[in-house]
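One structure below.
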Amino acid sequence: MNKREYEILETKENILADNNLSANCVREELKKHKVFMVNLMASPGAGKTTLLVRTINELKDQYRIGVMEADVDSDVDTAAVVKAGAKALQLHTGGSCHMDADMTMRGITALGLDDLDVLFLENVGNLVCPAEFDVGATKKVTILSVPEGDDKPLKYPLMFEVTDLLLVGKMDVLPVFDFDIERCKSYVAKLNDHIDVIPLSQKTGEGFEAWIEWLKEQIEMVKGE
1 MNKREYEILE TKENILADNN LSANCVREEL KKHKVFMVNL MASPGAGKTT
51 LLVRTINELK DQYRIGVMEA DVDSDVDTAA VVKAGAKALQ LHTGGSCHMD
101 ADMTMRGITA LGLDDLDVLF LENVGNLVCP AEFDVGATKK VTILSVPEGD
151 DKPLKYPLMF EVTDLLLVGK MDVLPVFDFD IERCKSYVAK LNDHIDVIPL
201 SQKTGEGFEA WIEWLKEQIE MVKGE
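Quick note: the sequence shown uses UniProt numbering, first residue 1, plus one each step.
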């Protein structure tokens, strides 16, 4: 057999390894400042920003809230969360379909953690790429909206394997769509037996009590460490 005269570089593995080092640095910064951080992931139009606006209004009298809005372009979402009462930073990803840990660290440095209790990263709308990159967040939260269908865990398994909490959003339109919440839960449970599932409506507030309670428990846990 002829000896290969060239080298094969597995770039994805190297990129992910470098990213994981940066993610550990993000975790150290969060731990140092006792800030609870959520990496919020979902498809475009699933209701991430609407969820954040309602969440900010529920928490802002008790906690200091920061939001990093990641988008390919535009600052529409950032304006909405600032109006709701959060400290915010717009992150333009330059065409990238996800945030990575290095981008996240730069965002944290620019936003500052000294005056925050909780930080939300609204990741780029995508059920594929964001799942592959650890950004160093304390918890990963995914929204699956009812109009998307209950079979998304079968089509995009990695997203549901890595997430800590699944919010089944837009429950107010459930009667209009062929979405079976129990079937969805069973699909998810086969991928991730540690995941919590909270059905809610960003529009009506249905189910928000459980979401807010989950957040408060996580924030207080980090503050007490």
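Glycine included, each C-beta is placed from N, C-alpha and C at the ideal position.
Candidates the options: closest to residue i by CA position
| i | options | result |
| --- | --- | --- |
| D196 | K185, G224 and G47 | K185 |
| E69 | I108, Q62, K60 and P153 | I108 |
| K223 | K31, L21 and T49 | K31 |
| N126 | L215, Q90, N39 and N24 | N39 |
| K190 | V176, L21, L158 and E28 | L158 |
| P175 | E182, K60, T163 and P147 | P147 |
| M99 | K216, K170 and G136 | G136 |
Alpha helix (DSSP H) segment containing residue i, residue limits
| i | result |
| --- | --- |
| T104 | A101 to L111 |
| L59 | K48 to L59 |
| L119 | Segment V118 to E122 is the beta strand (DSSP E) holding L119; no alpha helix (DSSP H) there. |
| V82 | V76 to A84 |
Simplified DSSP state of residue i, which is helix, strand or coil
| i | result |
| --- | --- |
| residue 274 | Residue 274 cannot be examined here, being either before or after the span of the chain that is shown, 1 to 225. |
| V135 | coil |
| L154 | helix |
| H33 | helix |
| S22 | helix |
| V38 | strand |
| residue 229 | The question about residue 229 has no answer, for the chain in this structure spans 1 to 225. |
Limits of the beta strand (DSSP E) - the one that residue i falls within
| i | result |
| --- | --- |
| L167 | L165 to G169 |
| L91 | K87 to H92 |
Beta bridge counterpart(s) of residue i as assigned by DSSP
| i | result |
| --- | --- |
| F160 | Note: F160 sits in no beta bridge, so no partner. |
| E69 | Q90 and E122 |
| V141 | L40 and L165 |
Sequence ranges, alpha helix (DSSP H) only - wholly within the segment 176–225, length at least 4: 181–191 and 208–223
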